[in-house]
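Quick note: the sequence shown uses our numbering, first residue 208, plus one each step.
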Amino acid sequence: MSKDTVTAVSENGLRYQSKVGGSPFLGSGHTRSCFKCGKHRAPASLQSIRLLGRNEVVCKPNCKTLP
């Protein structure tokens, strides 16, 4: 079940607080996601494997050893 959220209109007429600017992906911006765990990593920490008839990138050496 979803959480009950309470919102209120502030003095300036806005209902929600503004989000923090910027990107959650730090660094040079060159990241790809692992096919198995979904975490974004630099291309140097990924390896290409043949999976389900396609070439996919996964964490190198495996997903559990990287932080």
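Built from N, CA and C at the ideal position, the CB exists for glycine as well.
Checklist entry - Smallest Cα separation from Pro268: which of Arg261, His237, Ala251 and Thr238? => result Ala251
Checklist entry - Looking only at C-alpha atoms, which of Lys243, Glu218 and His237 sits nearest to Lys271? => result Lys243
Next on the checklist: Can you give me the C-alpha to C-alpha distance between Glu341 and Cys266, rounded to a whole angstrom?
Outcome noted: The chain is shown from 208 up to 274; residue 341 falls before or after that span and cannot be answered.
Checklist entry - Which partner residues does His247 have in the DSSP bridge list? => result Ser240
Checklist entry - So is Leu156 buried or exposed if we call it buried at 16+ other beta carbons inside 10 Å? => result An answer regarding residue 156 cannot be provided, because it is not within the stretch 208 to 274 covered by the chain.
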